[in-house]
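Protein chains in written order, with this note's numbering: chain H, 1 to 271; chain A, 272 to 542.
Written out as structure tokens, the structure is:
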């Protein structure tokens with residue numbers, strides 16, 4: 001399916017776009033099932049938060065209606081939205097009157113092996129560490145060189161994801177997923193106030209757990225704490241939940257809370 | 272003058288370019304005078320270093336010949352080169368066989384007020400701090416949201432540049448310039464091993480100072496050390512050298528070493 005730029009079919013972008021020049025923008029990767037964008041409200045909420053923090057003018061309701069129309073036309077697959085600050089002139093200073101530019105790209109459904117969800121995955125220990133930048137933490141912005149470097153660290157099929165630490169050695173997230181662990185019945189996920197991407201599926205899982213009266217905690221997590229976890233899993237808004245079986249010398253069983261939340265995530269993606 | 276993409280006139284870019292998706296690339300901003308790119312070797316050296324560290328395949332001699340041809344055609348102005356990893360598919364994993372994409376854009380000569388160089392500038396105290404990422408430090412890569420946020424902090428004409436600190440409060444650089452100070456006859460500039468862009472004019476000034484037997488030092492600099500500086504100046508490869516007159520409550524005279532290096536930089540830009 002053709003991509004859209006500002007609502008029109010297009011296959012090319014202005015060379016003046018600040019998304020190219022500075023990574024000056026945001027993106028969302030959205031599962032589409034039965035012509036519907038999954039977890040659309042959560043994606044739009046994060047996008048709006050990003051626009052607010054980067055001071056990018058964007059009409060979120062217009063983005064919503066374009067996403068709905070594009071998803072209806074594509075049916076099944078993955079929809080990527082890139083929202084940039086639009087064209088710029090020379091220099092970093094953003095034009096306060098700039099209108100955001102909306103880029104929609106569709107691709108076929110993700111083709112991760114089913115075994116990742118069924119039997120769990122092994123995480124690659126990434127050497128690339130996340131830098132602390134509270135002003136950008138949590139946002140899914142276009143400055144993603146750290147993820148590119150981390151993802152380039154392994155090419156084997158043995159590792160489905162990589163684990164990224166911050167500069168202080170805290171456990172933060174996967175390269176394209178968020179991390180949860182379970183310890184004594186409590187569902188715990190890293191605090192993303194310094195770095196990391198606050199994933200849409202992460203937010204949904206926290207919400208679902210609270211609905212089930214499962215205690216949750218958002219806090220700093222050390223590698224040592226990971227060692228004492230009863231269960232570990234990764235999540236994102238395309239594949240749902242993958243149990244984590246191993247990381248370096250550590251290993252975990254696939255646990256019951258992981259399976260419960262995996263089933264809920266699957267149901268959302270297949271709804 | 273038309274932009275070029277991979278040596279051909281073009282005004283648009285593939286929507287699949289990883290420069291847009293992830294800021295997965297590098298850039299150089301090059302002064303052009305009399306049809307010649309100024310400090311071309313230094314720009315290409317930094318570019319090659321960036322390609323090596325990001326593992327982007329690029330034929331640097333081909334980049335050189337394109338820059339020379341483009342500069343000859345434009346005559347006077349500023350030439351921006353963006354080198355991206357080229358098109359990507361979904362996901363962060365870089366294709367090891369990807370060929371870099373070369374984007375050249377020309378713009379008219381910079382129009383900074385002459386008074387900046389003549390009388391010196393006042394630096395805005397940026398609240399946005401640089402994050403520490405040794406794997407990217409020194410490179411002029413396309414992940415520049417920190418500079419966008421910092422440059423958005425002021426819009427008055429009173430401040431020509433802003434000063435950026437790192438998360439630990441060290442003095443690092445301007446938003447689009449490097450910083451030098453002079454203390455007891457020694458020319459000192461911040462160490463950029465954790466963050467910052469290793470500017471081409473910074474390298475040239477260090478080289479020129481050494482040729483003049485002026486002692487130089489690359490080291491961590493605190494705000495307190497800035498306070499005791501005899502002279503402070505900023506530099507980049509487009510405007511050359513601007514003396515710094517003031518930053519917050521601090522002020523400095525325009526000193527003799529600043530003037531000497533400014534004259535040398537001006538001669539290079541006007542050669």
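Quick reminder that beta carbons are idealized off the backbone N, C-alpha and C, glycines included. Note that the structure is predicted; figures quoted are calculated from it, not measured.
{"Item": "Helix, strand or coil: which one does DSSP assign to residue 3 (chain H)?", "Value": "strand"}
{"Item": "Would residue 535 (chain A) count as contacting chain H if we go by Cβ distances under 8 Å?", "Value": "no"}
{"Item": "For the segment 12 to 90 of chain H, list the alpha helix (DSSP H) runs that are entirely contained and at least 4 residues long, ordered along the chain.", "Value": "18 to 22, 40 to 54, 60 to 74"}
{"Item": "Does the contact criterion of 3 or more C-beta pairs under 8 Å hold for the segment 136 to 145 of chain H versus the segment 406 to 414 of chain A?", "Value": "yes"}
{"Item": "What whole-angstrom Cβ distance do residue 448 (chain A) and residue 506 (chain A) have, given they're in contact under 8 Å?", "Value": "6 Å"}
{"Item": "For residue 261 (chain H) and residue 208 (chain H), which I take to be in contact (beta-carbon distance under 8 Å), what is that distance rounded to the nearest angstrom?", "Value": "7 Å"}
{"Item": "Going along chain H in order, which residues have a C-beta closer than 7 Å to the C-beta of residue 504 (chain A)?", "Value": "Under the 7 Å cutoff, chain H gives no residues; its nearest Cβ is about 20 Å from residue 504 (chain A)."}
{"Item": "Going residue by residue through the segment 483 to 516 of chain A, where are the continuous alpha helix (DSSP H) segments of at least 4 residues, counting only ones entirely within it?", "Value": "494 to 498"}
{"Item": "Give the DSSP-derived three-state secondary structure of residue 159 (chain H) in the structure shown.", "Value": "coil"}
{"Item": "Alpha carbon to alpha carbon, how far is residue 429 (chain A) from residue 58 (chain H)?", "Value": "30 Å"}
{"Item": "Residue 447 (chain A) versus chain H: which residues are under 8 Å apart at the beta carbon?", "Value": "91, 92"}
{"Item": "Quick check on the DSSP output: the beta strand (DSSP E) that includes residue 117 (chain H) runs from which residue to which?", "Value": "Note, residue 117 (chain H): premise wrong, no beta strand (DSSP E); alpha helix (DSSP H) at 114 to 119."}
{"Item": "Name the DSSP beta bridge partners of residue 518 (chain A), please?", "Value": "A:394, A:521"}
{"Item": "From residue 550 (chain A) to residue 402 (chain A), what distance separates their C-alpha atoms?", "Value": "Nothing about residue 550 (chain A) can be read from this structure; chain A reaches only from 272 to 542."}
{"Item": "Which class does residue 404 (chain A) belong to by DSSP, given the choice of helix, strand or coil?", "Value": "coil"}
{"Item": "Determine whether the beta carbon atoms of residue 220 (chain H) and residue 170 (chain H) lie at a separation below 8 Å.", "Value": "yes"}
{"Item": "Could you check whether the Cβ of residue 199 (chain H) sits closer than 8 Å to any Cβ belonging to chain A?", "Value": "no"}
{"Item": "Need the endpoints of the beta strand (DSSP E) that residue 381 (chain A) sits in, please.", "Value": "From DSSP, residue 381 (chain A) is part of no beta strand (DSSP E); its letter is neither H nor E."}
{"Item": "According to a CB-to-CB cut-off of less than 8 Å, which residues of the segment 30 to 41 of chain H neighbour chain A?", "Value": "none"}
{"Item": "Counting only beta-carbon atoms, is residue 419 (chain A) nearer than 8 Å to chain H?", "Value": "yes"}
{"Item": "Can you pull the chain A residues whose beta carbon is under 8 Å from the beta carbon of residue 26 (chain H), in chain order?", "Value": "In chain order: nothing, as chain A lies at least about 10 Å away."}
{"Item": "So, does the CB of residue 83 (chain H) fall closer than 8 Å to a CB anywhere in chain A?", "Value": "no"}
{"Item": "Just mark residue 362 (chain A) as buried or exposed, buried being the case when its beta carbon has 16 or more other beta carbons within 10 Å.", "Value": "exposed"}
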